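With my numbering applied, the sequence shown corresponds to residues 52 to 306, in that order.
The beta carbon of each residue, even a glycine, is placed where N, CA and C say it ideally should be.
Computed from a predicted structure; not experimentally measured.
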Amino acid sequence: MRIQLWFSVAALLLVSASAHALTTDELVAKNLDARGGLAKIHAIKTLKLEGKLRMGGQFELTLVEYKKAPESVRMEATLQGLTQIQAWDGRNAWQISPFQGRRDPEKMSDDDAKALADDATIGGQLADWQAQGSKLEYLGTEDIDGTEAHKLKVTRKNGDIDYVYLDPDHFLEIRTITDQVVRGTHVQTVTDYGDYEQVDGVYFPLSMSSYTKGAGPFNKQQITIEKATANVAVDDTLFAFPATASAGHAAGAKP
């Protein structure tokens, strides 16, 4: 009788645990709380990141990235006096590619602009995901290098899909896998995050390692942020296509 009672209690406990499994909204709330809270995230209107970008384990470039709410971003990577620039102003993307012999600004295509547009928001893909026009789905847990991470599927309004993995203890992002179609080809990019530090009360990852599946061993990128500053003065012209550039470039509409 006691054995039967024990198994009955155990079964009830299992049912109770199942009933209290985390929902999508609870996971997002825990992630935002762990980062510092939505109010503090919203209080950061601009963000400047300075550090190093290592390409393929061979070349190290000086990196500066600017972000401005709601969705503007500019990245500058410098090596031996040459600076690659990529920018997105919320509608159009453009670049200067001196390493490819192109010193004049040129508009980027919709497909090439996707990665910039996806990375533009200061709060990331989970903060204000509904306002961003995304759809969210919880897919349970998955082993990420020995950690049973919570897996969220974020479907963006431009069709890109992010699989976001949250640490089960701290609920911070430890990996994203992004699915995109670029010029008719399916591209899957893996990014790992670490070294979280507070910037004006909000935790940001200061170490990011990424690679594109199937692109070979030399496509890996490692970003190390050495200085992060919030709410610096950043003019909108920093993100806009330079007014002095030729207007004849093909337009890159918002993805």
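Start-to-end residues for the beta strand (DSSP E) that takes in residue i
i, result
"Q164", "In the sequence on display, residue 164 carries Ala and not Gln. Careful: A164 lies outside any beta strand (DSSP E), inside the alpha helix (DSSP H) at 161 to 169."
"K103", "97 to 106"
"A281", "272 to 281"
"P156", "153 to 158"
"R226", "224 to 233"
"P149", "Taken as a continuous stretch (DSSP letters only), P149 belongs to no beta strand (DSSP E), as it is neither H nor E."
"W139", "133 to 139"
"I173", "Looking at the DSSP string, I173 is not in any beta strand (DSSP E), and its letter there is neither H nor E."
"L177", "Per DSSP, L177 belongs to no beta strand (DSSP E) and is neither H nor E."
"D246", "236 to 250"
"K208", "Element bounds for K208: n/a, residue is neither H nor E."
Whole-angstrom C-beta distance between residue j and residue i, which should lie under 8 angstroms
i, j, result
"P156", "F255", "No, P156 and F255 are not in contact; Cβ-Cβ is about 29 angstroms, not under 8 angstroms."
"S123", "W139", "6 angstroms"
"L289", "Y117", "6 angstroms"
"L133", "F150", "6 angstroms"
Reference residue i, options the options, closest by Cα
i, options, result
"T240", "Y247, I228, P121, V250", "I228"
"M126", "K202, D243, L114", "L114"
"G245", "D218, A266, G265", "D218"
"N270", "G102, D170, V238", "V238"
"K96", "K204, A171, S260", "A171"
"E101", "D287, V285, T280, L289", "T280"
"V79", "W180, A72, T263", "W180"
"G175", "R226, T192, Q146, R142", "R226"
"A182", "I276, T206, T242", "T206"
"T75", "L190, F150, D286", "L190"
"E199", "D211, R153, D220, G210", "D220"
"K202", "D84, T192, D211, V285", "T192"
"D243", "I147, K278, R234, Y262", "Y262"
"K264", "K278, D286, T236", "T236"
"Y247", "V233, G267, L223", "L223"
"L112", "I276, G267, G197", "I276"
"D84", "V253, D286, D194, A266", "V253"
"L130", "Q249, S148, I195", "S148"
"D211", "G197, D194, V233, I195", "V233"
"I173", "P121, R153, D213, Q146", "P121"
Beta-carbon proximity of residue i to residue j, cut-off 9 angstroms
i, j, result
"K91", "D251", "yes"
"R105", "A178", "no"
"K103", "I274", "yes"
"K208", "V215", "no"
"D163", "A144", "yes"
"L89", "K81", "no"
"K165", "Q231", "yes"
"N282", "A128", "no"
Residue range of the alpha helix (DSSP H) that includes residue i
i, result
"E122", "Unbroken run through E122: none, as it is neither H nor E."
"Y84", "This sequence places Asp at residue 84; Tyr is not what is there. D84 -> alpha helix (DSSP H) spans 75 to 86."
"H93", "89 to 94"
Segment contact, 8 angstroms Cβ cut-off, at least three pairs: the stretch 135 to 153 with the stretch 175 to 194: no
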